[in-house]
Structures are given as C-alpha cells and as structure tokens.
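Q: In the working numbering, the protein residues as written are 255 to 582.
Glycine included, C-beta positions come from ideal geometry on N, C-alpha and C.
A quick note: this is a predicted structure, and the numbers were derived from the prediction, not measured.
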Ligand SMILES: NC(=O)c1ccc[n+]([C@@H]2O[C@H](COP(=O)([O-])OP(=O)(O)OC[C@H]3O[C@@H](n4cnc5c(N)ncnc54)[C@H](O)[C@@H]3O)[C@@H](O)[C@H]2O)c1
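1) Drop a sphere of 10 angstroms on the beta-carbon of residue 563, count the other beta-carbons inside from all chains shown, and report buried for 16 or more, exposed for fewer.
2) Compute the Euclidean distance between the alpha carbons of residue 430 and residue 267, then round it to the nearest angstrom.
3) Verify the contact flag: residue 503, CB atom, against every heavy atom of ligand 1, threshold strictly below 6 Å.
4) Can you tell me which residues form a DSSP beta bridge with residue 515?
5) So, do the stretch 551-561 and the stretch 381-392 have three or more beta carbon pairs nearer to each other than 8 Å?
6) Quick check: the stretch 508-519 against the stretch 341-361, are at least 3 beta-carbon pairs closer than 8 Å?
7) Need the endpoints of the alpha helix (DSSP H) that residue 268 sits in, please.
8) On a CA-only basis, which of 484, 370, 295, 385 is nearest residue 556? Give me that one, please.
9) Should residue 526 go down as buried or exposed, given a rule of 16 or more other Cβ atoms within 10 Å for buried?
10) Across which residues does DSSP place residue 482 in a beta bridge pair?
11) What are the boundary residues of the alpha helix (DSSP H) that residue 396 is part of?
12) Suppose you measure from the CA of residue 287 to the CA of residue 311; what does that come to, to the nearest Å?
13) Compute the Euclidean distance between the alpha carbons of residue 474 and residue 401, then round it to the nearest angstrom.
14) At the level of alpha carbons, what is the spacing between residue 374 and residue 279?
15) Using a 10 Å radius around the Cβ and a threshold of 16 neighbouring Cβ atoms, would you call residue 385 buried or exposed?
16) Reducing DSSP to helix, strand and coil, say where residue 471 ends up.
17) Just to confirm before moving on: does the CB-CB distance between residue 349 and residue 313 stay below 7 Å?
18) Tell me, please, whether the stretch 313-327 touches the stretch 461-473 by the rule of three or more beta-carbon pairs shorter than 8 Å.
19) Are the stretch 566-573 and the stretch 449-459 in contact at 8 Å, needing three or more beta carbon pairs?
20) Taking all protein chains shown into account, do 16 or more other C-beta atoms lie within 10 angstroms of the C-beta of residue 421, making it buried, or fewer, making it exposed?
21) Measuring straight from C-alpha to C-alpha, what distance separates residue 542 and residue 377?
22) Return the CA-CA distance between residue 567 and residue 478, expressed in angstroms with no decimal places.
23) Report yes or no: do three or more beta-carbon pairs, one from the stretch 403-418 and one from the stretch 353-373, lie closer than 8 Å?
24) Please report the distance separating the alpha-carbon of residue 582 from that of residue 289.
25) Which residue or residues does DSSP assign as beta-bridge partners of residue 286?
26) Does the distance from the C-beta atom of residue 529 to that of residue 460 stay below 7 Å?
Below you can see the structure in the form of structure tokens.
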C-alpha cells in the first residue's frame, strides 16, 4: 500500500484526491497549513498542519511517515490576486515547491505528481491546446507554476526525480461519493459563483461579452473534480510502476461558453441567474480548451463527466447542502 504525501489535501482538488486514494487502498497523509483549505475536508485523514516552506519539518515528516511518493497541490490559485501581489505567488507557490523538492531530495523520495495549470499557456495561438504549445503565461500565477515545471525538468535530469505534471483546465463539480465540494474564499470560479447568485439573488458580473467567440463570452474546458482525482491516482500508479516523467493536459476537450454554463445552471436549478455584463478582465484569453489525448493515451484516463448538466448538478447538490448545514 503506497504511502502518499498529499500537500494541499485540505483544499478542493487535494481533498477529493486524498479521499479517492484512501478508497483505492493507498495511504494518503495530508500536509496543509489551512491558509486556504478547510479542516472539515479531512474527515479522518492523517493530517499535519505545516507550511511547505518549513523544509526541515517537511523532510522529517517525509522520513517519519515513510512516504513513497508525493502529490503536490498546495498553492495559491487566484490569477487576479497574483497580479496584485506577485511576490506572494512566487514565495508560496514557487519557493514553497522548491522547499518541497529539497525535502524530498533529503528524504530520497523520487516520485511526484504536480498540479500545474492551463495558465502556463497564457493566450494560446490555437485551441485545442497540445502540450507542445508555447509556454507563455500572462499572470504571475501562471509563471509561478512554469518555474516549478522547469525545476522538475532539471530534477529529473540530475536527481532522478520522476514527475507527472498535470496542467488542469477548469476544475469544477463535487464528488457524489464524498461530502466535498468547491469552497474557495473568496470564490473566483464561475460555477460556484453562479450558484451563489441563484441562492442569494445577488447578481454576478460576467467579464465581457464581446470576445471573438460564437456568443461573445469566454470559452473554457470544465473538468469534473472526480475525473481530475482519477487522473492523479493513475499518474501516481504510473510513476510507482516505473513510468518516466511527463507533462499532460487535464481537460475534457470540450469548450463551453459562459452563456452555456449560465443556461446549464438555469436548467439544473430551475431558477434564473441574476447577472450583469461588465468589462473584460485583464488576462482572460477568449478560449482555453485542452487537447488531452496524450493523457488518455499514456495513462488510459477517460473523463466520465462529459455533460455540463451533470457537472453543474453535482456542484448544485453540494452548494445546497452547504447552505443548509452549519458551517465549520
Ligand atoms: N481549481 C482549479 O480550477 C485549478 C485549475 C488549475 C490548477 N489548479 C491547481 O490545483 C491545485 C489545487 O487547487 P484547489 O482549487 O484545490 O485550491 P485550494 O485553495 O482549494 O487548495 C489549496 C490548498 O493548499 C493549501 N496551501 C496553500 N499554500 C500552502 C503552503 N505554502 N503550505 C501548506 N499548504 C498550503 C491551502 O490551505 C489549501 O488547502 C493548486 O496547485 C492550483 O494551482 C487548480
């Protein structure tokens, strides 16, 4: 039973993955400083409250817990915040990851799955985006991940560290099996914001409807968090079986506009979404859709949640549950 350190396991995608690992007979151990995550997501998982930048404590923990491999989610994730405070993103995401790499080297751990992002591509020349597309981030957030990807290349070459980099597109939805869902604070993601608008009646602002897309709103590739969690388990097992390093897009290959998502939310909730149209937001490319054929080919991964309706429905079930149960 592999012992897996899950950094950021109290957060959205990390908690889904940690619970899936446990249900698949792996032994996840969570490290999180709870700066952006929630203790209630842990639900009995072995947990250490720790900031990644504490290299010494991390190295001791890796050794004491006899960790075999690491899945590294812990990061700050808001593009807008990264443009207001880039130093925070380089310190937390980049330096935090470098600290983890140092601790892993000391503990002689040589397998890592890393959460990267479609933001590494910036404003791509064409969609769907293959992995060999130009890496040209347009935000400090994207750059904070590119720097880690570059470090992983060199760590592979000279340290024998094998890594799978997963560049996620828009993670969304909630797992039907576990009582988990998306609870970022502040929330910046479209589906939970639309659901909040329905629940509170307070209008949401849509950033621009004059993009060069069929209905003028931005197109994104929405990948269900359970599908994403499955990709991590496959990536981990692949590395443990001796697979080489690689970087893969994690998306469904289908693009949905903001208006498509609004329509799906209205269908699922049976309510009108109150919204206003505002100006474009800096750094939002018109369309981001993944070519994830390499992930499918190499790891045998297949997205199960390919219907936007189903994705929104899972997020709606979670949003309703969290508004009716007391918050922790
Ligand atoms: N949510 C998305 O759509 C999306 C898309 C692309 C990439 N990603 C990447 O996926 C990963 C997880 O995203 P998420 O949506 O689950 O975010 P999240 O904010 O829900 O979870 C991140 C977790 O990391 C913890 N953390 C942050 N910095 C830490 C540090 N220095 N030390 C210890 N713990 C720390 C937070 O407390 C939080 O629990 C991130 O690396 C993010 O960049 C997310």
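A: Looking at the coordinates:
1) exposed
2) 14 Å
3) no
4) Answer by DSSP bridge pairing: none, since residue 515 is not bridged.
5) At 8 Å Cβ cutoff, the stretches do not touch.
6) no
7) Per DSSP, residue 268 belongs to the alpha helix (DSSP H) from 266-277.
8) 484
9) exposed
10) Answer is none; residue 482 lacks a bridge partner.
11) 394-413
12) Their backbone Cα atoms lie some 13 Å apart in a straight line.
13) Taking the straight line joining both Cα atoms gives about 24 Å.
14) 33 Å
15) buried
16) coil
17) Their beta carbons are not under 7 Å apart, which means residue 349 does not touch residue 313 by this criterion.
18) no
19) yes
20) buried
21) 8 Å
22) Computed Cα separation, rounded: 11 Å.
23) yes
24) Annotation note: pLDDT 37 at residue 582 (below 50); position unreliable, no value reported.
25) Partner(s): 303.
26) yes
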